[in-house]
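To start, the structure itself, in structure tokens.
Protein chains: 2
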Amino acid sequence: MAFEFWFEFASTYSYLTALRVEELAEARGVRVVYRPFLLGPIFKGHGLNDSPFNVYPVKGSYMWRDVERCAHELGASFRRPSAFPRNGLLAARAALVADDLGASARYVPAVYRASFERDLDISQSSVVSEILTSLELPAADVLGRAQSEPVRQRLREQTARAEGLGIFGAPSFTVGSELFWGNDRLEQALDWAARLP
Amino acid sequence: MAFEFWFEFASTYSYLTALRVEELAEARGVRVVYRPFLLGPIFKGHGLNDSPFNVYPVKGSYMWRDVERCAHELGASFRRPSAFPRNGLLAARAALVADDLGASARYVPAVYRASFERDLDISQSSVVSEILTSLELPAADVLGRAQSEPVRQRLREQTARAEGLGIFGAPSFTVGSELFWGNDRLEQALDWAARLP
């Protein structure tokens, strides 16, 4: 059964998932389908115009400490970015093109590391371009297609599909009609996918 | 280092923790300090007059399915209660008295099971009384002390302390100044406590 990994590049907990999803999926013989989407429009539907971690500062301070501890457990060199949330629109559009090139498993963690380990502003095309180049992907071509109307429309449709599936945060995982929310559910969701034919 | 388990009897995820905290703590040589508190006053401070799971129905539907799956993994016979959230005020006051009697490790999971497995209304003194009696605790005496002004005041103070520690949900765990939120952090918090002298 297909395992779909729904992520938003602004999301700290999606970073923790992106670092480990391929290894855990492979161990279970599960293939990861990458589903970039945007949380902004979904939060707006809940009356939130900013990340809940900014709207509720007490949750925000907790989140930064929690992500730091969890990254430490993974041996990852997390650094709190100087801006949050970072606009992941361009990187998400480029993710759709990178996926067409079969490069999601390399591109997605590279974007997260740029944002959450190197404090780079992934909303800038120069930053996304540098990431693509470092992965030996055709940066100018990918960015050109990323900004084309068909790709913009695909991202809008994928965000609408996420909302239709009941997704309200990132990362989320779907296996058929079953929804799992949060980096903490990664193993459970993968196990679910591995059990189904 | 003391491991403090902060719980609210209305909280579904605290139920999942209550079922397993003693066994996991014992395996690590950690002693559990039980800290009942009320989430209502804390949610009010965030502008919420109801459980976030009722305020955001899409999160609510997800939560019920998630708790069901997690309870199934634990082999627990979870049943969605006919009312949510249930008022846990009386049961929380009685928890302070039960703790004085050294009975938290038996009383706390028994209250959660009554609410989330037997669909009993734990806001009723007859229900709390039945639970106390089944544990061979002096029900009338415990309930009398639970409703006394000093115990009411202790619960108010404990809720204020929770808020002061940055607690915004349940279950939460504290080890010194370190805060952990959610049933998913139980193991990490216990490991933290076990590492400290």
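If you read the protein sequences in the order shown, they are chains V and B. In this text, residue positions in the first sequence follow the numbering used here: the first is 19, and each later residue adds one. In this text, residue positions in the second sequence follow the numbering used here: the first is 19, and each later residue adds one. Glycine included, each C-beta is placed from N, C-alpha and C at the ideal position.
Taking 8 Å as the CB-CB limit, is Y74(V) close to chain B? Position 56 of the first sequence, counted from the first residue, corresponds to residue 74(V). Yes, its Cβ sits closer than 8 Å to a Cβ of chain B.
Measure from the C-beta of L183(B) to each C-beta in chain C and report whether the shortest distance is under 8 Å.
The displayed structure is made up of protein chains V and B, and chain C is not among them.
How long is the line joining the alpha carbons of D202(B) and D202(V), rounded to whole angstroms? Indexing the second sequence from 1 puts residue 202(B) at position 184. Indexing the first sequence from 1 puts residue 202(V) at position 184. Going by the C-alpha atoms only, they are around 7 Å apart.
| query | So does the stretch 125-139 of chain V actually touch the stretch 23-41 of chain V, counting three or more Cβ pairs closer than 8 Å? | reply | yes
Same chain, Cβ closer than 6 Å to G187(B), neighbours up to 5 away in sequence not counted: For the purposes of this step, residue 187(B) is identified with residue 169 of the second sequence, where counting begins at 1. W199.
For F71(B), report the span of its alpha helix (DSSP H) as first-last. Within the second sequence, numbered from 1, the residue matching residue 71(B) stands at position 53. P70 to V73 is the span of the alpha helix (DSSP H), which, as asked, contains F71(B).
_So for R53(V), helix, strand or coil by DSSP?_
If you number the first sequence from 1, residue 53(V) lands on position 35. Three-state DSSP puts R53(V) in a strand.
Next item on the list: Can you check DSSP and say which residues form a bridge with T192(V)?
Entry: Numbered from its first residue, the first sequence carries residue 192(V) at position 174. Paired residues: E22(V) and L197(V).
Check your understanding: Cα separation between S32(V) and R213(B)?
Key -> The residue given as residue 32(V) occupies position 14 in the first sequence. The residue given as residue 213(B) occupies position 195 in the second sequence. Going by the C-alpha atoms only, they are around 28 Å apart.
Look at the alpha carbon of R83(B) and the alpha carbon of A89(B), and state the distance between them as a whole number of angstroms. In the second sequence, the residue the question calls residue 83(B) occupies position 65. In the second sequence, the residue the question calls residue 89(B) occupies position 71. One C-alpha to the other measures close to 10 Å.
Buried or exposed: where does P75(B) fall if 16 or more other Cβ atoms within 10 Å of its Cβ makes it buried? Working through the second sequence from its first residue, we reach residue 75(B) at position 57. P75(B) should be labelled exposed.
Output, in chain order, the set of chain V residues within a Cβ distance shorter than 7 Å of W82(B).
Here residue 82(B) corresponds to residue number 64 of the second sequence, with the count starting at 1. Within chain V, no residue comes near W82(B); the closest Cβ sits about 12 Å away, beyond 7 Å.
Practice problem: Could you tell me if the beta carbon of R131(V) falls within a distance shorter than 7 Å of some heavy atom in the ligand ATP? | Solution: This structure lacks the ligand ATP; in fact it carries no ligand of any kind.
Interfacial residues, the stretch 45-77 of chain B to chain V, with Cβ spacing under 8 Å: H64, Y74, V76 and K77
Can the beta-carbon of V51(B) be found less than 8 Å from the beta-carbon of A94(B)? Counting from one through the second sequence, the residue named residue 51(B) turns up at place 33. Counting from one through the second sequence, the residue named residue 94(B) turns up at place 76. No, these two residues do not count as a Cβ contact at 8 Å.
Using a Cβ-Cβ distance under 8 Å, would L199(B) count as near chain V? Looking up residue 199(B) in the second sequence gives position 181. In the sequence as displayed, the identity of residue 199(B) is Trp instead of Leu. True, the Cβ-Cβ gap to chain V drops below 8 Å.
Listing by chain order, which chain V residues have their CB less than 8 Å from the CB of S79(B)? By one-based count along the second sequence, residue 79(B) stands at place 61. Simply G184.
Would you verify that the beta carbon of D202(V) is, or is not, closer than 8 Å to some beta carbon of chain B?
Taking the first sequence and counting its residues from 1, the one referred to as residue 202(V) is at position 184. Output row for D202(V): interface = yes.
Is the beta carbon of Y80(V) less than 8 Å from the beta carbon of L197(B)? In the first sequence, the residue the question calls residue 80(V) occupies position 62. In the second sequence, the residue the question calls residue 197(B) occupies position 179. The answer is yes: Cβ separation under 8 Å.
- Item | Cβ-Cβ separation, L56(B) to L138(B) (assumed contact under 8 Å), whole Å | Locating residue 138(B) in the second sequence gives position 120, where the first residue counts as 1. Locating residue 56(B) in the second sequence gives position 38, where the first residue counts as 1. About 20 Å separates the two Cβ atoms, so there is no contact after all.
* Please say whether L153(V) and A110(V) have beta carbons closer to each other than 8 Å? => The residue you call residue 110(V) lines up with position 92 of the first sequence. The residue you call residue 153(V) lines up with position 135 of the first sequence. For A110(V) and L153(V), no; Cβs fall outside 8 Å.
For V145(B) versus A132(B), is the C-beta distance shorter than 8 Å? For the purposes of this step, residue 145(B) is identified with residue 127 of the second sequence, where counting begins at 1. For the purposes of this step, residue 132(B) is identified with residue 114 of the second sequence, where counting begins at 1. The answer is yes: Cβ separation under 8 Å.
**Message:** For L34(V), tell me which candidate among V85(V), I140(V) and E175(V) has the shortest Cα-Cα distance.
**Reply:** Counting from one through the first sequence, the residue named residue 34(V) turns up at place 16. Of V85(V), I140(V) and E175(V), the residue nearest in Cα terms is V85(V).
> Pick from E91(V), T151(V), S147(V) and F61(V): whose alpha carbon is nearest that of P103(V)?
Replying inline: As a position in the first sequence, residue 103(V) is number 85, starting the count at 1. Among E91(V), T151(V), S147(V) and F61(V), the Cα nearest to that of P103(V) is on F61(V).
Q. Among the residues of its own chain, which have a CB less than 6 Å from the CB of L42(B), if the five just before and after it don't count?
A. Looking up residue 42(B) in the second sequence gives position 24. These residues qualify, in order along the chain: L208.
- Message: Measuring only the C-alpha atoms, how far is K77(B) from A178(B)?
- Response: Residue 77(B) sits at position 59 when you count from the first residue of the second sequence. Residue 178(B) sits at position 160 when you count from the first residue of the second sequence. For K77(B) and A178(B), the distance between alpha carbons rounds to 27 Å.
*asked:* My parser needs the alpha helix (DSSP H) runs of 4 or more residues fully inside the stretch 138-211 of chain B; what are they?
replied: 143-152, 157-164 and 167-182
(Q) According to DSSP, is S122(B) part of a helix, a strand, or is it coil? (A) On the second sequence, position 104 is the one that residue 122(B) refers to. Helix at S122(B).
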